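In this note's numbering, the protein residues as written are 96 to 309.
Built from N, CA and C at the ideal position, the CB exists for glycine as well.
Because the structure is a prediction, the values reported are computed rather than measured.
The structure appears right after this line, and notes come after that.
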Amino acid sequence: MTRNEELAANLASVQDRITRSDVTLVVVTKTYPVSDVQILKELGVENFGENRTEEGEVKAVAVPATWHFQGGIQSRKIKDIVQWADVIHSLDSTEHALKLGQRAVRPIEVFLQLSLDGDPDRGGVVESELAALAEAVVAAPNLELVGLMCVPPVSAIPAEAFSQIYSVHQRFLSNFPNAQSLSTGMSGDFEVAIDHGATHIRVGSSILGSRTHR
Ligand SMILES: *Cc1c(COP(=O)(O)O)cnc(C)c1O
96 MTRNEELAAN LASVQDRITR SDVTLVVVTK TYPVSDVQIL KELGVENFGE NRTEEGEVKA
156 VAVPATWHFQ GGIQSRKIKD IVQWADVIHS LDSTEHALKL GQRAVRPIEV FLQLSLDGDP
216 DRGGVVESEL AALAEAVVAA PNLELVGLMC VPPVSAIPAE AFSQIYSVHQ RFLSNFPNAQ
276 SLSTGMSGDF EVAIDHGATH IRVGSSILGS RTHR
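Okay, here's the thing in C-alpha cells:
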C-alpha cells in the first residue's frame, strides 16, 4: 500500500465514525512530514493541528489550510505562533491572552483550555478561573473567543469526563454565549466526545499512525 492509500483509508475510517455533520475534524500532523500534510490536503482535509510552533510554521507555509495550535504555550514563542496559527486551542493564562492580543496581526480564534483536575503538567485552568480568562480574550484585539478545549485526565472514565466537560461548557455559555465550540476527543476517545457534544476533534495517530514520541 502506498502512503497515499494508507492515509486515504485511515481518513475514511475516521470520517465514517463521525456521526454528526457539525463536527470539525482537525488532523494532528505533529512529528509527520510535510508530504503527509500535502497528501491529506489533496484528500480534502482543511484543518490541521500542531503542538510545536517551529514545526507548525514550516508546514503552514508549505500547505495553505486552517492551522490549529494545541500545544503548551510558551510566552517567548507567542510572536511566532501568531505568524501561522489561525486557531489556538490551548490558551490557559491571562498573561498569554494579553500578549497574543498585542502580537496578533490578523484575527485568531481562541479556545480556552479547561482542566478537570487542576494538574499543572497537562495545562488548562479549572472552571472557577475560566471567566477571568475569557474576559481577557474578549477584551483583546484580534482574538475571538470561540469555545473550550479539554483533554480529560489520564485516569478518567471518558464518558464521565466528557459529560462533566459538557456541563462546564453549558454553564460557561450562560456568560459567554458566543463561545459555542467544544474541542474534545482524540484518537482514543473521539466517538465518546462526539456523543457528549464535541464540535471539534483533534485526531492524529488514527490517521497518520502511532508516534514513537510525543
Ligand atoms: C497529540 C495531540 C492530539 C492528537 O492525539 P492522537 O491521540 O494522536 O489522536 C490531540 N490533542 C492534543 C492536545 C495533542 O497533544
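- beta strand (DSSP E) containing GLU239: first to last residue? 238 to 245
- What is the DSSP secondary structure of GLN275, reduced to helix, strand or coil? coil
- Query: Roughly how many angstroms lie between the CA atoms of SER262 and VAL246, to the nearest whole one?
  - Reply: 15 Å
- Are VAL200 and GLY213 close, meaning C-beta to C-beta below 7 Å? no
- Message: Can you tell me whether ARG115 is helix, strand or coil according to DSSP?
- Response: coil
- Taking 6 Å as the cut-off, is the CB of SER282 close to at least one heavy atom of ligand 1? yes
- Taking the alpha-carbon positions, what's the GLY223 to ALA103 distance? First, the residue type needs correcting, since residue 223 is Ser and not Gly in the sequence shown. Approximately 42 Å, taken between the alpha carbons.
- Message: I believe ALA235 touches LEU195 by the beta-carbon criterion, under 8 Å. Please report the beta-carbon distance rounded to the nearest angstrom.
- Response: 7 Å
- Message: Using only CA atoms, which one of PHE285, LEU303, HIS291 lies nearest to ASP111?
- Response: PHE285
- Message: Rounding to the nearest angstrom, what Cα-Cα distance links MET281 and PRO253 in this structure?
- Response: 11 Å
- Query: Excluding five sequence neighbours on each side, which residues of the same chain lie with their C-beta closer than 7 Å to the C-beta of LEU138?
  - Reply: LEU102, ALA103, LEU106
- Exposed unless 16 or more other CB atoms sit within 10 angstroms - verdict on GLY216: The amino acid occupying residue 216 in the given sequence is Asp; Gly does not appear at that position. Exposed, since its Cβ has fewer than 16 Cβ neighbours within 10 Å.
- What residues in its chain sit with their C-beta under 8 Å from that of LEU193, if we drop five residues either side in the sequence? ALA231, ALA235
- Query: In chain order, what residues of the same chain have a beta carbon less than 8 Å from the beta carbon of ASP175, not counting five sequence neighbours either side?
  - Reply: THR148, GLU149, GLU152
- Task: Say yes only if the C-beta of ASN146 is nearer than 6 Å to one or more non-hydrogen atoms of ligand 1, and no if none qualify.
- Result: yes
- Task: Taking SER188 as the reference, give the member of LEU228, ILE302, MET244 with the closest Cα.
- Result: LEU228
- Query: What do you get for MET244, buried or exposed, if any count of 16 or more other CB atoms within 10 angstroms of its CB means buried?
  - Reply: buried
- Near VAL158, what residues of its chain come up, given a Cβ to Cβ distance below 8 Å and the 5 sequence neighbours on each side ignored? VAL129, VAL132, GLN133, LYS136, PHE143
- Message: Contact defined as beta carbons within less than 8 Å: I believe GLY304 pairs with GLN275. What is the distance between those atoms, to the nearest angstrom?
- Response: That pair is no contact at about 33 Å.
- Query: Within 10 angstroms of its Cβ, does ARG297 collect 16 or more other Cβ (buried), or is it exposed?
  - Reply: buried
- Query: Quick one: does the C-beta of VAL140 sit closer than 6 Å to a heavy atom of ligand 1?
  - Reply: no
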